[in-house]
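Since the structure comes first, as structure tokens, the remarks are kept for the end.
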Amino acid sequence: MRWIWIDRVLELQRGQRLVAIKNVTMAEEHLHDHFAEVTGEDGRTIHAAMPVMPGSLVVEGMAQSAGILVGHAEDFREKVVLAKVTKVRLDRDATPGTTIRHTAEIALQSGQGAATRGTVDLFDHANPEAGWETIGRIDLMFSHLDRNIAGLEFPEHNFVFNSTFRTLLQSSGIDCDF
Amino acid sequence: MNRDEIFEKVREVLVEALGVDDDEVTPEASLAADLGAESIDFLDIVFQLEQAFGFKIEQGELFPENVTQDPEFVKDGLVTEKGLAMLRERLPHIDFSKLDDDPQITRVAQVFTVDALVNFCERKLAA
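The listed protein sequences correspond, in order, to chains A and B.
With my numbering, letter number 40 in the first sequence gets 592, and the count goes up by one each step, no holes.
With my numbering, letter number 24 in the second sequence gets 80, and the count goes up by one each step, no holes.
Dropping the structure here:
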């Protein structure tokens, strides 16, 4: 079982760019704890509950978007793993009722791995006139696990691109054969 | 581009890739021991040097690969003479003399210094 932090891939240009969206909903249990209401001993509210998508999961959503892009470039033969969070900047929280859009681009790719650049945009359904607002940038590095510099060996089976990813891609209308 | 200019560019790359301060990046600093580079950082450094200098670096050209797994090159935790000769031939930008007296494989990382990167870039630019 693997948590998928994107709902749909909207665009995929081989080896170049992938666009995916994630709807933030109150059905996500962690939003009830992140952040829960804080009350004093007398039961009065000190801080009201403030459900926001954790920034770390926004990074994971970008990692999945960019990871698929990197994997797709090599027909999902490589085990593509997140190796380094190079740079993250998120200027605004994503709350329930908004949609996050991840745009990932490959900056550099070699046999060993890839560096990606990402833009995070937010669409607030309560304020549709505002359109997509850029709320952050996430640059990442991925390693092709079987070609690691240390020469370590891993199982032959590609455990990175599993059936969950396949379902995501197929339901996005993208052909995949892994 | 002279050697000082190359050093400055290499310094910028390392500050960016490893999150270290400018003054930590000295010619003799070792990437792993002094600047805290981990294995994935070496790929990041390769990518960033390519961008900074506009040349292409092939796999295994800047840092050695598949050395430790080869029993001809490493025996009982020590780099063999054959291994050292191979490293010198493949990676002429690195000064391996530190390993002559004590060729423990664990010491190999220490020879990857900032100076070795500057040597590498100087050779690439002159080629």
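All residues carry an ideal CB built from backbone N, CA and C; glycine is no exception.
Q: With a threshold of 7 Å, establish whether the CB of M57/B neighbours any heavy atom of the ligand PLP.
A: Absent from the structure shown: the ligand PLP. Ligands present: none.
**Q.** One or two residues paired with Q661/A in a DSSP bridge
**A.** A666/A
(Q) Less than 7 Å between C-beta atoms, sequence neighbours within five positions excluded: which residues of the same chain meet that for W557/A? (A) K574, L609, E612, G613, Q616
Q | Environment of S695/A [buried if 16+ CB atoms lie within 10 Å] | A | buried
Q. For H624/A, is the classification buried or exposed, using 16 other Cβ atoms within 10 angstroms of its Cβ as the cut-off for buried?
A. buried
(Q) Taking only three categories from DSSP, how would you classify N175/B? (A) helix
**Q.** Sequence-distant residues of the same chain with beta carbon closer than 6 Å to V667/A, five excluded per side
**A.** Just to set this straight, residue 667/A is Ala in the shown sequence, not Val. Excluding residues within five positions, the ones whose Cβ falls inside 6 Å are A659, L660, M693.
Q) Just curious, the beta strand (DSSP E) that Q565/A is in, first and last residue? A) 560-565
**Q.** Rounded distance between the beta-carbons of V604/A and D645/A, thought under 8 Å
**A.** 4 Å
**Q.** Residue range of the unbroken alpha helix (DSSP H) whose run includes G688/A
**A.** Careful: G688/A lies outside any alpha helix (DSSP H), inside the beta strand (DSSP E) at 684-696.
Q | Rounded distance between the beta-carbons of L91/B and V76/B, thought under 8 Å | A | 5 Å
Q: For the stretch 656-668 of chain A, enumerate the residues whose C-beta is nearer than 8 Å to any C-beta of chain B, in chain order.
A: A659, L660, S662, G663, Q664, G665, A667
Q: Under the assumption that Q104/B contacts A73/B (Cβ atoms under 8 Å), give the Cβ distance between them as a whole number of angstroms.
A: 5 Å
Q: Anything in chain A within Cβ reach of I96/B, meaning under 7 Å, just list it in chain order.
A: A635, K636, M693, S695
Q. Taking 8 Å as the CB-CB limit, is N575/A close to chain B?
A. no
Q: Write down the C-beta distance between V576/A and I652/A rounded to the nearest angstrom, noting that I regard them as a contact closer than 8 Å.
A: 6 Å
Q. What in chain B is Cβ-close to N700/A, meaning under 8 Å?
A. S95
Q: My understanding is that E593/A touches A600/A, with C-beta atoms under 8 Å, so please give their C-beta distance in whole angstroms.
A: The pair is not a contact, with the Cβ atoms about 17 Å apart (cut-off 8 Å).
Q.
Give me, in chain order, the residues of the same chain whose beta-carbon lies closer than 6 Å to that of R146/B; leave out the 5 immediate sequence neighbours on both sides.
A. none
Q: On a CA-only basis, which of D676/A, G670/A, L674/A is nearest Q568/A? Give me that one, please.
A: G670/A
Q | R67/B: first and last residue of the uninterrupted alpha helix (DSSP H) it sits in | A | 59-74
Q: Return the CA-CA distance between W720/A and G619/A, expressed in angstroms with no decimal places.
A: According to the sequence shown, residue 720/A is Leu rather than Trp. Those two C-alpha atoms are separated by around 13 Å.
Q. For E84/B, which residues of its own chain have a beta-carbon under 8 Å away from its beta-carbon, when the five flanking residues on both sides are left out?
A. T169, V170, D171
Q.
List, in chain order, every chain A residue whose beta-carbon is nearer than 8 Å to that of Q166/B.
A. Under the 8 Å cutoff, chain A gives no residues; its nearest Cβ is about 16 Å from Q166/B.
Q.
Let me confirm a value: H709/A is counted as buried when at least 16 other C-beta atoms fall within 10 Å, else exposed. Which label applies?
A. exposed
Q | Reduced DSSP category for S715/A - H, G, I as helix; E, B as strand; rest coil | A | helix
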